[in-house]
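Residues in the sequence shown are numbered from 24 upward in steps of one, following the working numbering.
Even glycine gets a Cβ: it sits at the ideal position worked out from N, Cα and C.
So the structure is just underneath, and the comments pick up after that.
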Amino acid sequence: MGSGFGVFDVGLFSGRHTFLSLQLRDYRLLWLGQVSTSMGQWMDQVTRGWLIYQITGSAFELGLATALRGLPLLFFGILAGAVADRSNRQHQLILSQLTNAVLNALLATVVLLGHVQPWHIYVTGFLAGTVQAFQQPARQTLISDIVGARYLMNALALNAMALNVSRAVGPAVAGLLIAFIGAHGSYYAQAVMFVLATLWTVQMVTPERSPEAQAARREPFFRSVAAGFTFVLRDRDLRILMILAHGPLTLGMPYMSLFPIFARDVLHGGARLQGLLMTLVGVGSILGSLVVASLQRGYSYGRAVVIGALAFGLALFAFASASHVLVSSLCAFCLGLCVVTYQTQNQTMLQLLAPRHMRGRVMSIFLLNRGLVPLGTFVGGVLAQRLGGPRALQIMSLAVLSVVIAVMLLSPRFLKLRVEFQDRVPTR
């Protein structure tokens, strides 16, 4: 395999290392399940919005359907992390995927029969979001359970690559199915995706639960939830990693919602240019995943996370200030590259620092960033309405940089943090 990646076979990078964790049978099955479920979720995002807007013609109800799909990630994510630490994570993932398959099949059938009403879309969207909230911490913690510490960053990077490839392909597939079959065709296809993910998941062989996890299962549930928050708040390094996980993403990721403003009003293009910018973000994200997966080193560094977050803020300010298509395109590519590289390394350190019996709760707090981004999007929209897109994004990028610089000034010790990857890895 190495000969195909000669460009990476220098220094810290090795093409031979890029897909190493996929050699582990159980991670390969988990990764295939990630590809399938991510495809289904991105197809759902496109299809649900198209369906509710076709029925109602209301921008408000379009936003409501999107919000009801996303809010459970914020409301139930912490509870899901505690469940992942107290129960069998593989079973939690299987149940979540099967429930998603049933919800998609039900909605597809209602659409096919011509009986669909807005409340069907709202209810199934809220339930699908709830299921996703319980699916995410189970899947993320299973990665470290299966691959061990040594392959963890490689596995997380390949997982990020799966997410970004699905983000690029899923909406296009959904659009084709809607155009040639109808919305019900897209939802039946999504049901198949979740069934396939379940078939792969049931074949996995996962490690036995630790004695600490068995003890946590006997602890009262809400005390277990509170213990997760307490654990993160008391550990200085985990606190900083959470600040870097949530601050820059909440303040910076809403840039994608402002792309129409830049494409039309700043760069004097249209929908095609907007699509190009989003594609370049996706390409940068995929390349960033491959770069991190190709890293050869025995340690994960706090400095790398801080530098990556700083680069994200700088790329964001450069994009906000650019007025030429080529410069904006380069900045869009850099945005995708920076955010994936720093977030993957952030997540790696979180899972290395958290003991296995606490990992579900720690990761559920980390995954709250997906629920907080819509809040940042709302703030970005308000600023853009009052100040214009470029000025709004400049302010938000400066806020991102302020968070990172504050971490550098107030916690210089974190820059020297080095967490060693363990040598023992699964051989299955």
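- Cβ neighbours of Met62 within its own chain (closer than 6 angstroms, five residues either side excluded): Ser189, Gly193, Met216.
- Counting only runs of 3 or more residues that sit fully inside the segment 319–372, the beta strand (DSSP E) segments are 322–324, in chain order.
- Contact check for Ala268 against Asn392 passes: the beta carbons are separated by less than 7 angstroms.
- Within the DSSP secondary-structure output, Glu242 pairs in no beta bridge.
- In this structure, Met176 places its C-beta atom within 7 angstroms of the C-beta atom of Thr371.
- Rounded to the nearest whole angstrom, the C-alpha separation of Leu395 and Thr79 is 27 angstroms.
- Under the three-state reduction of DSSP output, Val442 falls in the strand class.
- Looking from the CA of Leu118, the closest CA among Ser344, Val225, Ala345, Ser434 belongs to Val225.
- If you look at Ser81, you'll find it isn't in any alpha helix (DSSP H); DSSP assigns it neither H nor E.
- Counted as a single uninterrupted DSSP element, the stretch harbouring Pro230 is not any alpha helix (DSSP H), since DSSP gives it neither H nor E.
- Listed in chain order, the alpha helix (DSSP H) runs fully inside the segment 95–161 are 112–135, counting runs of at least 4 residues.
- Cβ-Cβ distances below 7 angstroms link Ala343 to Pro413, Leu416, Gln417, Ser420 in the same chain, with the five nearest sequence neighbours on each side left out; the list follows chain order.
- Annotation: the continuous alpha helix (DSSP H) that includes Val427 extends over 412–433.
- Asp168 carries a helical assignment under DSSP once its states are collapsed to helix, strand and coil.
- In this structure, Val170 keeps its C-beta atom at 7 angstroms or more from the C-beta atom of Ala183.
- Less than 7 angstroms divides the Cβ of Leu181 from the Cβ of Ala316.
- Between Gly208 and the set Thr221, Ile263, Leu136, Asp168, the nearest pair of CA atoms involves Leu136.
- Here the C-alpha atom of Ala195 lies approximately 38 angstroms from the C-alpha atom of Ile263.
- Three or more Cβ pairs drawn from the segment 144–157 and the segment 98–106 lie within less than 8 angstroms of each other, which places the two stretches in contact.
- Boundaries of the alpha helix (DSSP H) around Gly270: 259–275.
- Excluding its 5 nearest sequence neighbours in each direction, Asp260 has C-beta neighbours in its own chain below 8 angstroms: Gly325, Met372, Leu376, Phe437, Leu440, listed in chain order.
- For Phe356, same chain residues with a beta-carbon under 6 angstroms away, outside a window of 5 residues either side, are Leu303, Gly307 in chain order.
- Looking at Ser81, Gln57, Thr89, Arg51, the one whose alpha-carbon comes closest to that of Gln68 is Thr89.
- Here the C-alpha atom of Met301 lies approximately 24 angstroms from the C-alpha atom of Leu87.
- In the structure shown, Pro397 falls within a helical segment according to DSSP collapsed to helix, strand and coil.
- For the pair Ala338 and Cys361, the CB atoms are nearer than the 7 angstroms cut-off.
- If you ignore the 5 residues before and after Ser312, its C-beta comes within less than 6 angstroms of the C-beta of Ala180, Ala183, Met184, Val363, all in its own chain and listed in chain order.
- Within its own chain, the residues whose Cβ lies closer than 7 angstroms to the Cβ of Gln213, once the five positions on either side in sequence are excluded, are Gly63, Met66, Asp67, Asn127, listed in chain order.
- Ser247 and Tyr50 have their C-alpha atoms some 28 angstroms from each other.
- Gly56 and Asn123 have their C-alpha atoms spaced approximately 13 angstroms apart.
- By alpha-carbon distance to His40, the top candidate from Ala107, Arg173, Ala105, Arg48 is Arg173.
- Listed in chain order, the non-local C-beta contacts of Thr367 below 6 angstroms within the same chain comprise Leu179, Ala180, Ala183, Val315, local neighbours out to five positions each way being set aside.
- Collapsing the DSSP output to three states places Arg384 in a helix.
- Taking 7 angstroms as the cut-off, the Cβ atoms of Leu52 and Leu165 do not count as close.
- For Ala185, the three-state secondary structure derived from DSSP is helix.
- When the five nearest sequence neighbours on each side are left out, the beta carbons in the same chain lying within less than 7 angstroms of the beta carbon of Leu200 are those of Gly208, Ser209, Ala212, in order along the chain.
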